[in-house]
Amino acid sequence: MTPGSCRTAATVAATRGPTIVLTRHPRQTRWTPARQRRRGIALAGALALAVTGCGSSDDGTPSSGGAESLDAVTAGIVPVVDSAPIYLGQQQGFFEDPGIDLTLQSGQGGAAIVPGVVNGTFQFGFGNVTSVLLAADQGLPLEIVAGGVASTGEAGADFSGVVARPDSGIATAADLAGKRVAVNTLNNIGTTTINESVRKAGGDPASIQYVELPFADMPAALDQGNVDAVWVVEPFLTVAAGGGGRVVASNYVDAADDLTVAVYFTSAQLAADDPDLVDRFQAAMTQSLEYARQNPDATRAILTEYTDIEQSVLDSLQLPEWPTEINRDSIETLAELGVADGLLTRVPDLAQLLP
Numbered sequence: 001m002t003p004g005s006c007r008t009a010a011t012v013a014a015t016r017g018p019t020i021v022l023t024r025h026p027r028q029t030r031w032t033p034a035r036q037r038r039r040g041i042a043l044a045g046a047l048a049l050a051v052t053g054c055g056s057s058d059d060g061t062p063s064s065g066g067a068e069s070l071d072a073v074t075a076g077i078v079p080v081v082d083s084a085p086i087y088l089g090q091q092q093g094f095f096e097d098p099g100i101d102l103t104l105q106s107g108q109g110g111a112a113i114v115p116g117v118v119n120g121t122f123q124f125g126f127g128n129v130t131s132v133l134l135a136a137d138q139g140l141p142l143e144i145v146a147g148g149v150a151s152t153g154e155a156g157a158d159f160s161g162v163v164a165r166p167d168s169g170i171a172t173a174a175d176l177a178g179k180r181v182a183v184n185t186l187n188n189i190g191t192t193t194i195n196e197s198v199r200k201a202g203g204d205p206a207s208i209q210y211v212e213l214p215f216a217d218m219p220a221a222l223d224q225g226n227v228d229a230v231w232v233v234e235p236f237l238t239v240a241a242g243g244g245g246r247v248v249a250s251n252y253v254d255a256a257d258d259l260t261v262a263v264y265f266t267s268a269q270l271a272a273d274d275p276d277l278v279d280r281f282q283a284a285m286t287q288s289l290e291y292a293r294q295n296p297d298a299t300r301a302i303l304t305e306y307t308d309i310e311q312s313v314l315d316s317l318q319l320p321e322w323p324t325e326i327n328r329d330s331i332e333t334l335a336e337l338g339v340a341d342g343l344l345t346r347v348p349d350l351a352q353l354l355p
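This is the structure we're talking about:
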C-alpha cells in the first residue's frame with residue numbers, strides 16, 4: 001500500500017546567497033519515485049526466494065519472497081545530501097528485488113532515529129558515526145550494517161568545512177582557538193573533528209566557544225557577525241562560501257583518512273532475530289551506494305525528489321563519497337577523539353558494533 005503524500009517544507013533563508021528548502025516528509029510516508037523501477041538486478045539468493053514464493057510466518061508477518069510477498073521495512077532517514085543513495089536504491093528497485101518493501105521516514109537526526117531503531121519503530125536507521133558511538137557508550141544495543149557516507153579526503157574539496165568571515169582574522173584552523181564557532185549539535189562529530197583540526201594546526205581547541213545553531217541559520221549568523229566561524233555541510237557549505245565566506249578547515253579530512261562519517265544501523269535484537277533481512281538490506285544498500293558513486297548526475301537529480309535545493313546550488317555543491325566498505329580505522333579514530341574530548345567513557349567494542 002502506498003499512502004498519498006504531501007510535502008511540508010522549512011525554508012532556509014540567509015541574508016545573502018540562494019534560498020534552500022530541505023523537504024521533510026510526513027510521518028510514515030512512502031516515498032515513491034516517478035521513474036519506473038529497474039528490475040532484474042536481484043542477488044541470486046533473492047531470486048531463489050522469489051522462485052520458491054515463501055508465504056507468511058506463523059505470526060502473520062510477511063516473509064521474503066516474490067513481488068507479492070515483500071517484507072515491510074521502515075528506515076529512519078535524515079533527508080539530506082548524505083542519504084541520496086538510499087533514495088536512489090528505492091527508485092531503482094534495489095530493495096524491492098530482494099523482497100523488501102521500503103518506507104523512508106524522516107527523522108531530525110541520529111538523536112531521534114536511534115531510539116526509534118532500538119524500540120522497533122524503525123528496522124534500520126541512518127546517523128553519523130559519533131551519534132552511534134554515543135548510543136553504544138550508553139549501552140544501547142545497536143549494530144552497524146552498512147556504510148552511509150564518507151569524506152572525499154580532499155582538503156578544500158569536501159562536503160564539510162569550517163567557514164569564516166574574510167575579515168575575521170581566521171586564516172587556518174589554529175586561529176579558531178578562542179573564537180565563537182557554530183555547530184549544529186554540541187558534543188558530537190562536528191566538535192570532535194574541529195577540535196582535531198585545531199590540534200593538528202597547532203592550536204588549542206579547549207578555548208573554542210561552540211554555539212549550537214541549525215545549519216540553515218548559520219550563513220546568516222556568520223554574515224551578521226553573531227559568530228566568528230561556522231561548521232557546515234552541503235548544501236550550506238556552498239551557500240556560506242558563495243556568500244563570501246572562506247573555508248579555513250576541512251574537519252572531516254583532518255580527522256582521519258577517508259573518514260566514514262555516517263552509517264546505517266539496526267538493533268541487536270533484529271540482527272539476531274532476522275539476520276536474513278539484515279543481509280538483504282545490507283546487500284541492497286551496498287548496491288545503492290555503488291550506484292550513487294557511479295552515477296553522480298542521477299544522484300544530483302534524485303536530490304530534487306526529496307529536497308528543494310535551488311538549482312544553482314545543486315549544480316555546484318560538492319558531493320560526498322559513498323564507498324561500499326566501512327573504514328574501520330576511521331571509526332576507531334572517531335571513538336578515540338570522543339574519549340579525548342570527554343564525550344565517551346571508553347572506545348566501544350567495535351567487533352560487536354561493526355559488521
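Per the UniProt record's numbering, residue 1 is the first one in the sequence shown, and the count goes up by one each step.
Even for Gly, the Cβ is constructed at its ideal location relative to N, Cα and C.
Please read all numbers here as calculations on a predicted model, not as lab measurements.
Across the set V129, D257, N327, the C-alpha of V129 shows the shortest separation from the C-alpha of L344. Taking 7 Å as the cut-off, the beta carbon of T193 is found no closer than this to the beta carbon of A240. Around the beta carbon of E196, 16 or more other beta carbons lie within 10 angstroms, which makes this residue buried. Of the candidates Y210, L237, G116, V233, the residue whose Cα lies closest to the Cα of N226 is Y210. Approximately 10 Å separates the beta-carbon atoms of F95 and L104; this is outside 8 Å, ruling out the contact. Ranked by Cα distance from P205, the first of W231, A229, G178 is G178.
Nearest in C-alpha terms to G107, of all of V117, L70, P98, is V117. Burial state of S131 is buried, judged by a 10 Å Cβ sphere holding 16 or more other Cβ atoms.
For the pair A174 and G203, the CB atoms are nearer than the 7 Å cut-off. T172 and V248 do touch by the CB rule: their CB atoms are close to 6 Å apart, below 8 Å. Judged by pairs of C-beta atoms under 8 Å, the region 300–313 does not touch the region 263–270, as fewer than three such pairs exist. Three or more beta-carbon pairs separated by less than 8 Å are not found between the region 214–221 and the region 287–297, which leaves the two stretches without contact.
Sequence-distant Cβ neighbours of V183 in its own chain, meaning closer than 7 Å and more than five residues away, are G190, T191, Y210, E212, W231.
In the structure shown, E212 adopts extended strand secondary structure according to DSSP, grouped into three states.
Taking the CA atoms as reference points, V163 sits about 19 Å from L314. In this structure, the CA atom of A262 is about 20 Å from the CA atom of R346.
By the CB criterion at 7 Å, D158 and Y252 fall inside the cutoff. Per DSSP, the continuous alpha helix (DSSP H) segment holding G338 begins and ends at 328–340.
Fully enclosed beta strand (DSSP E) runs of no fewer than 3 residues occupy 180–183, 209–212 of the region 172–213, in order along the chain. Look at S151 here: in three-state DSSP terms it is coil, with no helix or strand label. Assigned with DSSP and collapsed to three states, E325 falls in coil, not helix or strand. DSSP links A72 through a beta bridge to D101. Collapsing the DSSP output to three states places A221 in a helix. An exposed status is given to Q352, since fewer than 16 other beta-carbon atoms sit within 10 Å of its beta-carbon. Per the C-alpha coordinates, the member of V339, P85, L140, Q318 positioned closest to E234 is Q318. E290 carries a helical assignment under DSSP once its states are collapsed to helix, strand and coil. Annotation for F236: the continuous alpha helix (DSSP H) segment containing it runs 236–242. Going by beta carbons, S160 and D228 fall outside the 7 Å limit. In terms of Cβ geometry, V145 and Q282 form a close pair [threshold 7 Å]. R280 counts as buried, since no fewer than 16 other beta carbons sit within 10 angstroms of its beta carbon. In the DSSP assignment, no residue is bridged to A136. Per DSSP, the continuous alpha helix (DSSP H) segment holding A255 begins and ends at 251–255. For G161, the enclosing beta strand (DSSP E) begins and ends at 160–164. Beta-bridge partners of E143 (DSSP): T266. Residue state for T130 is assigned as helix, using DSSP reduced to three classes. In the three-state scheme derived from DSSP, where H, G and I count as helix and E and B as strand, G169 is classed as coil.
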